[in-house]
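Chains as they are written, first to last, in our numbering: chain A, 5 to 116; chain B, 183 to 294.
Even glycine gets a Cβ: it sits at the ideal position worked out from N, Cα and C.
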Amino acid sequence: IAGITQAPTSQILAAGRRMTLRCTQDMRHNAMYWYRQDLGLGLRLIHYSNTAGTTGKGEVPDGYSVSRANTDDFPLTLASAVPSQTSVYFCASSDSGTYGYTFGSGTRLTVV
Amino acid sequence: GESVGLHLPTLSVQEGDNSIINCAYSNSASDYFIWYKQESGKGPQFIIDIRSNMDKRQGQRVTVLLNKTVKHLSLQIAATQPGDSAVYFCAESFSGTYKYIFGTGTRLKVLA
């Protein structure tokens, strides 16, 4: 089934540890995004990539990094996790020919 | 700055009745709007979109209305069903970008 796969589904992480959230899409979409979702704050853009090889900062990029080595993969790395990064993380993609996003099922991350 | 907001955080509707979910946006330059549905534990799903050159667009049991004069967007769901229970987000985007600003969401509860 075409779509976005995120891994892991959930994770409890000790503060200070490094963590990479994985995101893979099989739709050959040009653009990919990482959002975090917090109660009362909605979805906030962390980083994005308009095409393979390029990335950009979103609304809340601090503490996160991304890479886009190829079209399909867009991993999000937390270099040194802090409790304020406890959230649900969604990866999304879109085709340059359309505007709607396809979202993954999310990763629930708890930093303790 | 630009923002997208929702008037009602929770909406309870009797099964079979029509639902109306509202959204206000602040940037008159926004030219594309989407409604997403998010069920518990899942990522947001595209419902319907509308461009700023339109006032109304209909889908299957859903209608989106855009009032550019007052910068207001609404989602109407006809004959609301239990499966419609979810959180609904509106999102706006700006010409030339594929990035969106999302509202905080309205939870729709369908009462049997």
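Our contact map puts residue i next to residue j with C-beta atoms below 8 angstroms; I'd like the distance itself, whole angstroms only.
| i | j | result |
| --- | --- | --- |
| Thr55 of chain A | Asn34 of chain A | 5 angstroms |
| Arg72 of chain A | Thr58 of chain A | 7 angstroms |
| Leu248 of chain B | Ile232 of chain B | 5 angstroms |
Please check if any C-beta of chain A sits within less than 8 angstroms of the C-beta of residue i.
| i | result |
| --- | --- |
| Lys250 of chain B | no |
| His189 of chain B | Residue placement at His189 of chain B is poorly supported in this model, since its pLDDT is 45, which falls under 50; the coordinates still yield a value, given next. Judged by the 8 angstroms Cβ criterion, His189 of chain B is not in contact with chain A. |
| Ile216 of chain B | yes |
| Lys281 of chain B | yes |
| Phe228 of chain B | yes |
| Thr286 of chain B | yes |
| Phe276 of chain B | no |
Please return the same chain residues whose Cβ sits closer than 6 angstroms to the Cβ of residue i, not counting the five positions on each side in sequence.
| i | result |
| --- | --- |
| Asp30 of chain A | Ala6 |
| Glu274 of chain B | Val186, Tyr207, Ser212, Phe215 and Ile283 |
Under a CB-based cut-off of 8 angstroms, is residue i close to chain B?
| i | result |
| --- | --- |
| Leu49 of chain A | yes |
| Phe78 of chain A | no |
| Tyr52 of chain A | yes |
| Gly44 of chain A | yes |
| Tyr105 of chain A | yes |
Taking residue i as the reference, which of the options has the closest Cα?
| i | options | result |
| --- | --- | --- |
| Gly110 of chain A | A:Gly104, A:Ser91, A:Arg21 and A:Asp99 | A:Ser91 |
| Val269 of chain B | B:Gln258, B:Leu255, B:Gly287 and B:Ile259 | B:Gly287 |
| Ala260 of chain B | B:Val244, B:Thr251, B:Val252 and B:Lys253 | B:Val244 |
| Thr114 of chain A | A:Gly104, A:Ala18, A:Phe94 and A:Gln10 | A:Ala18 |
What residues in its chain sit with their C-beta under 7 angstroms from that of residue i, if we drop five residues either side in the sequence?
| i | result |
| --- | --- |
| Asp199 of chain B | Thr262 |
| Val292 of chain B | Val195, Glu197, Thr262, Gln263, Pro264, Asp266 and Ser267 |
| Gly183 of chain B | At Gly183 of chain B the pLDDT is 35, less than 50, meaning the model places this residue with poor confidence; the figure from the coordinates comes in the next sentence. Contacts found: none. |
Cβ of residue i versus every heavy atom of the ligand MN: is any distance shorter than 7 angstroms?
| i | result |
| --- | --- |
| Cys205 of chain B | Looking for the ligand MN in the displayed structure turns up nothing, as the structure carries no ligands at all. |
Just grab the DSSP bridge partners of residue i for me.
| i | result |
| --- | --- |
| Arg40 of chain A | A:Arg48 and A:Tyr93 |
| Lys167 of chain B | No statement about residue 167 of chain B is possible, as the shown extent of chain B runs from 183 to 294 and does not include it. |
| Ile230 of chain B | B:Trp217 |
Closer than 8 angstroms by C-beta to residue i: which residues in its own chain qualify, once you throw out the five before and the five after it? Chain order, please.
| i | result |
| --- | --- |
| Gln220 of chain B | Pro226, Gln227, Ala268, Val269, Tyr270, Phe271 and Gly287 |
| Ser53 of chain A | Ala35, Met36, Tyr37, Thr59, Gly60, Val70, Arg72 and Phe78 |
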